[in-house]
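Protein sequence lines, in the order shown, are assigned to chains X and H. Once you know that position 225 of the first sequence is 225 in the UniProt record's numbering, the rest is easy, because the numbers rise by one and skip nothing. Once you know that position 175 of the second sequence is 175 in the UniProt record's numbering, the rest is easy, because the numbers rise by one and skip nothing. Here the structure comes first, spelled out in structure tokens, and everything after it is commentary.
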Amino acid sequence: MSTPLLTAPLLTARDLTLHFGRVAALDGVDLEIHPGEVVAIVGESGSGKTTLLRVLSGLMRPDGGEVSYLGQDVLGMGEAARRRLMRTEWGFVHQNPRDGLRMAVSAGGNIGERLMATGARHYGNIREQASHWLTRVEIDPARMDEVPARFSGGMQQRLQIARTLVTLPKLVFMDEPTGGLDVSVQARLLDLIRALVADLGLAVLIVTHDIAAARLLAHRMLVMRHGVVVESGLTDRVLDDPQHPYTQLLVSSVLAA
Amino acid sequence: MSHDPGYNFAYLDESTKRMIRRAILKAVAIPGHQVPFGSREMPLPYGWGTGGIQVTAAILGPTDVLKVIDQGSDDTTNAVSIRAFFRRVAGVATTERTAEASIIQTRHRIPERALREDQILVYQVPIPEPLGRLEPRIAETRRMHAMADYGLMHVKLYEDIARHGHIATSYSYPVMVNGRYLMSPSPIPAFDNPKMDQMPALQLFGAGREKRIYAVPPYTSVKSLDFDDHPFRPIRAPQTCELCGSRDTYLDEVLTDDVGGRIFVCSDTDFCTERQAVREAAE
């Protein structure tokens, strides 16, 4: 059923708990993600998906549990080490591109920021890379010197993806990357993400409430409800043969076109 | 000369001076790092040199010789007033000659004449945070300093080149001090940046409104940020000084009438006067 695991997991989380007052946002969550694997976290609003992503990426501290990345303790590492990870081996794609982009800085500067943060000091090379990545995310490189405020929502989101992937991270966290876009733009973006992920061999942890997006992108999925992972497994298995009543409800609520 | 008996020596009380000296010592120990201090209300408005005056007051001794320049000039209002202030409250000797001064308080210039080990240069700083324009959250800029996370500053230079074809920052040009801290050199022209590198004199920076003191100890590396293929270039007007004929100093453009007449003269008045005297003696 499951593919033989030839590699050690990239990211492992054990028994994560987090309470907001009396509400349990995370209640004993376990998770593993291997290199090159796309894992989707699905569930309704308020089920703890985004909180889980924030805890895993070290943006938020849980009440209990542990997260380790290639043997390093993510929650215990210093902020300097975590920031270094965040700008080299990790990437974070926000739901709202305004959170992930510098709106007053040109598209080229946005893509170049991570390169410059990791020591690139050759203007010509930075521009070349920026132009290459704009092409890869299907933005005309001629618009490199425009600010993202003049781009459409879909273009902004693609720019955010280019900016994140330019340092070739190993693990990318995506928080509802297709949220707030219209359906045809969503489809194009999903296609693009799928191609890039396969090309670059990225591991992606993607949070979404869109079951169709999860089916298209993810190898495995976790279904969350009230801070608990109620079901997990290969995407097709979970969606075609849901075991938990909540998963059955989720799957049956998807509108057929 | 004696000082006005109505004031403590150099205006500030002794415990305030001690507090400022502690901040200065810490700043010297961590070159380029901004040290907070309890900036006092001074008898002049913010932006006129309250930070520089407090640093000067804290390090001034009765035998010091003080020079004050404003944009290189000894005879502008700001320079004249601050000199008069310290003559009155500290009774110290003042001078307009760079070579004779032991403390030089400056606004926006470094003297053209090379400074010595027994001199201290005190800068008046309006905006101490070099990252402030790019990252408005102060807590975040402090974190960036702590982590030496300075990619953002290069983004600014990148934008300059993308927009203007070259780095268009001509003053307050960011520098890296001792390979560790990003520092704003106060709004001196980029032309003066190379003088900060390995300078034999101690350089102290005081920002009164922002309540920050920072320092560059003698013989410390100060590098202007740049790109490999767009190296830092000190910029000056390509003219020669109308008065002394200098071709390698920083020049001011001065309008001479209302029909478009203009001349270029050295911004460092002391340097210019000295050169003129040498020229006249030679003639």
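We put the CB at the ideal spot given by N, CA and C, even for glycine.
- Per DSSP, the continuous beta strand (DSSP E) segment holding H/Q124 begins and ends at I120 to Q124.
- Residues of chain X with a Cβ closer than 9 Å to the Cβ of H/L131 do not exist; the shortest Cβ-Cβ separation is about 13 Å.
- In terms of beta-carbon proximity, H/I20 stays away from the interface with chain X, with every pair separated by 8 Å or more.
- The three-state reading of DSSP puts X/F173 in strand, counting E and B together.
- In this structure, the alpha-carbon of H/V155 lies about 20 Å from that of X/F151.
- The beta carbon of X/A130 lies closer than 7 Å to those of G108, I111, G112 and M144 in the same chain, with the five residues before and after it left out.
- Secondary structure at X/Y123: helix, using DSSP grouped into helix, strand and coil.
- Secondary structure at H/K195: helix, using DSSP grouped into helix, strand and coil.
- Here the C-alpha atom of H/L12 lies approximately 10 Å from the C-alpha atom of H/V55.
- Going by beta carbons, H/A27 and H/A207 fall outside the 8 Å limit.
- Neighbours of H/V155 across chain X, judged by C-beta separation under 9 Å: R102, V105, G109, N110, G112, E113, M116 and A117.
- The segment 188 to 273 of chain H is shown to contain whole beta strand (DSSP E) runs of 3 or more residues at 202 to 207, 212 to 216, 222 to 224, 251 to 255 and 262 to 266, in chain order.
- Flagged as an interface residue toward chain X: H/G151, by a C-beta distance shorter than 8 Å.
- Residues of the segment 158 to 188 of chain H with a Cβ closer than 9 Å to any Cβ of chain X, in chain order: Y158, E159, I161, A162 and R163.
- For a Cβ distance threshold of 8 Å, nothing in chain H lies close to X/I193: the least Cβ distance comes to about 25 Å.
- The DSSP-derived three-state label of X/D73 is strand.
- Contact of H/F271 with chain X is not assigned, every C-beta pair being separated by 8 Å or more.
- 8 Å or more divides the Cβ of X/E231 from the Cβ of X/H219.
- Interface residue (Cβ-Cβ distance to chain X less than 8 Å): H/H145 is not classified as such.
- Residues of the segment 120 to 137 of chain X that bring their beta carbon within less than 9 Å of a beta carbon in chain H comprise A120, R121, H122, Y123, G124, N125, I126 and R127, in sequence order.
- H/H33 has a beta carbon lying at 8 Å or more from every beta carbon in chain X.
- Judged by beta-carbon spacing, X/I206 lies beyond the 8 Å limit of X/V251, meaning their Cβ atoms are not closer than that value.
- As for any alpha helix (DSSP H) of minimum length 4 sitting wholly inside the segment 83 to 116 of chain H, there is none.
- By the beta-carbon neighbour count (other beta carbons within 10 angstroms, threshold 16), X/S253 is exposed.
- With respect to the C-alpha of X/A203, the residue from X/A213, X/D191, X/L217 and X/A149 having the closest C-alpha is X/L217.
- Residue pairing from DSSP places X/R14 in a beta bridge opposite X/E66.
- Across the structure, H/P45 and X/G64 are spaced so that their CA atoms are roughly 53 Å apart.
- Near chain X, meaning a CB-to-CB distance below 7 Å, the residues of the segment 210 to 237 of chain H are F227, D228, D229 and H230.
- Note on the segment 28 to 115 of chain X: whole alpha helix (DSSP H) runs with a minimum of 4 residues are 49 to 56, 79 to 87 and 97 to 100, in chain order.
- In this structure, the beta-carbon distance from H/H3 to H/R88 falls below 8 Å.
- Counting only runs of 3+ residues, the beta strand (DSSP E) found wholly inside the segment 130 to 208 of chain X occupies 171 to 175 and 203 to 208, in chain order.
- Not flagged as an interface residue toward chain H: X/R54, since no C-beta distance is shorter than 8 Å.
- A check of alpha carbon separations from H/V265 across H/I53, H/L243 and H/A93 identifies H/L243 as the nearest.
- Comparing C-alpha distances from H/V222 to each of H/D229, H/G179 and H/R262 shows the shortest one belongs to H/G179.
- Put simply, the segment 29 to 37 of chain H touches the segment 180 to 188 of chain H. At least three CB pairs are less than 8 Å apart.
- By the Cβ rule, the segment 94 to 104 of chain H counts as touching the segment 66 to 74 of chain H, because three or more pairs are nearer than 8 Å.
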